[in-house]
Amino acid sequence: MITQLGRLRVCASDKRALLKRSRSRCRTHAEVQRAQIILSLGGGSSVNETARRLGVDRKTVRLWRDRYCRERLAGLEDRSRSGRPPVIEEEQVVELHRLACELRADKRPRTQAEMARVVGISRSWTGELLRRAALKPWQVKSWCHSPDPNFRAITRRVCRLYRRKPPKNTVILSLDEKTCIQALERSYGRGARPGRPARRQADYRRRGTTNLFAALEIHTGRVHSRISQRKRACDFIAFLRQLDRTIPAGLRIVLVLDNISTHPAKHARAWLAQRPGRFELVFTPLHASWLNQIELFFSKLTRQLLHRASFNSLDQLKRALRNYVTRYNRRPQPIKWTFRGWPKEGRN
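In this text, residue positions in the sequence shown follow my numbering: the first is 5, and each later residue adds one.
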């Protein structure tokens with residue numbers, strides 16, 4: 005309503021809604037502008053001042069002022085207008101949604117052009133109707149289900165190793181390999197500038213590959229590593245020998261590792277049998293390597309070193325890997341790893 009002094013009175017609840025609408029990035033420019041008009045008039049500005057500040061005509065300011073006085077916030081919404089009747093039937097919309105949600109026999113989604121031909125509408129309308137329904141049949145999200153029948157029991161055991169304080173004279177390690185690390189020689193141009201990313205040439209030269217064995221101490225964050233040219237059972241045993249030498253003899257070593265063929269290999273089992281009480285292997289469930297904390301270290305290594313670096317030789321890559329682990333161990337920190345629960349029952 006308008007007071008005797010000509011000021012538009014806006015209640016507190018309407019003001020909060022209008023402020024939210026005026027700052028919204030999802031609403032149209034017209035809706036934001038209408039909210040700004042009412043807020044300006046409610047703040048004591050005149051019609052002329054509001055029109056001049058917002059760059060609109062005075063008739064526009066009066067129109068939305070009068071609509072707000074009669075209908076409050078509902079008066080700021082667009083009204084239905086007369087025009088040509090809709091050319092797309094409801095049955096066509098339902099058929100389009102069905103086609104977008106249905107996979108063909110070969111599991112490929114239909115393209116917009118194919119759906120437009122089947123439904124009998126234009127491609128532009130097909131895209132618009134899919135956008136309104138928030139349907140994106142061209143997108144796919146991957147998931148991985150562990151077929152291990154003992155998945156829950158093994159997961160509970162691994163989580164207990166992570167969460168609880170280790171038993172006396174025991175060290176718990178998360179072990180895995182990062183394979184086929186490429187020594188890529190890239191050609192960079194200029195660095196980043198305001199509004200523009202750094203530039204580098206699309207092609208590169210590969211100077212060779214190597215493998216990194218790594219074991220993360222769960223409760224201290226320290227990393228043990230070994231670079232190997234190949235990834236065989238004998239290379240895995242060589243890394244176990246290194247752990248045996250570097251970790252004090254009085255400690256029992258518990259290794260959390262996945263089920264890759266080199267880990268439970270016959271040669272590895274024979275070597276471990278010669279050292280009873282020294283090593284204990286805890287395997288993660290099948291297709292559940294995400295339970296292994298060392299994967300988080302490998303992710304950080306990729307982001308901080310390998311993703312953007314350029315190496316002129318394989319030796320330079322190996323030196324960079326050793327230096328990275330050395331720097332990482334200067335300030336080791338345990339990983340704050342959490343498990344959010346079991347997947348929903350009944351999922352295939």
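C-beta atoms are modelled at their ideal positions from N, C-alpha and C, and glycine is treated no differently.
Computed from a prediction, not measured in an experiment: that's the story for all the values here.
Considering only 237, 160 and 198, the residue with the shortest C-alpha distance to residue 217 is 237. Non-local beta-carbon contacts of residue 152 in its own chain, meaning distances under 8 Å to residues more than five positions away in sequence, involve 158, 289, 290, 291 and 292 in chain order. Between residue 45 and residue 22, the CB-CB gap reaches or exceeds 7 Å. Within the DSSP bridge table, the entry for residue 215 names 232 as partners. DSSP places residue 186 in the uninterrupted beta strand (DSSP E) bounded by 174-192. Taking a contact to require three or more Cβ pairs closer than 8 Å, the stretch 240-253 and the stretch 325-342 do not qualify as touching.
Taken in chain order, the whole alpha helix (DSSP H) runs of length 4 or more contained in the stretch 288-339 are 298-305 and 318-334. For residue 196, the secondary structure class from DSSP, reduced to helix, strand or coil, is coil. Excluding the 5 residues flanking it on each side, residue 162 has same chain C-beta neighbours closer than 8 Å at 260, 286, 288 and 295, in chain order.
Counting along the chain, residue 259 sits inside the beta strand (DSSP E) bounded by residues 256-261. Close CB contacts of residue 192 within its chain, under the 8 Å cut and outside five residues either way in sequence, are with 202, 203, 204, 205 and 314 (chain order). Assigned with DSSP and collapsed to three states, residue 210 falls in strand. By the 16-neighbour rule on beta-carbons within 10 angstroms, residue 301 is buried.
The beta carbons of residue 80 and residue 18 sit no closer together than 7 Å. In this structure, residue 51 lies away from residue 36, with their beta-carbon atoms at least 7 Å apart.
When only Cα atoms are considered, residue 311 and residue 89 end up about 55 Å apart. Sequence-distant Cβ neighbours of residue 328 in its own chain, meaning closer than 6 Å and more than five residues away, are 309. Taking one beta carbon from each stretch, the stretch 55-64 and the stretch 104-112 have fewer than 3 pairs nearer than 8 Å; the two do not touch. For a cut-off of 8 Å, the C-beta gap from residue 298 to residue 179 is around 6 Å, short enough to register as a contact. Here DSSP, grouped into helix, strand and coil, assigns residue 96 to helix. Counting only the Cα atoms, residue 28 lies some 23 Å from residue 70. Closest in C-alpha terms to residue 169, from the list 96, 181, 121 and 221, comes 221.
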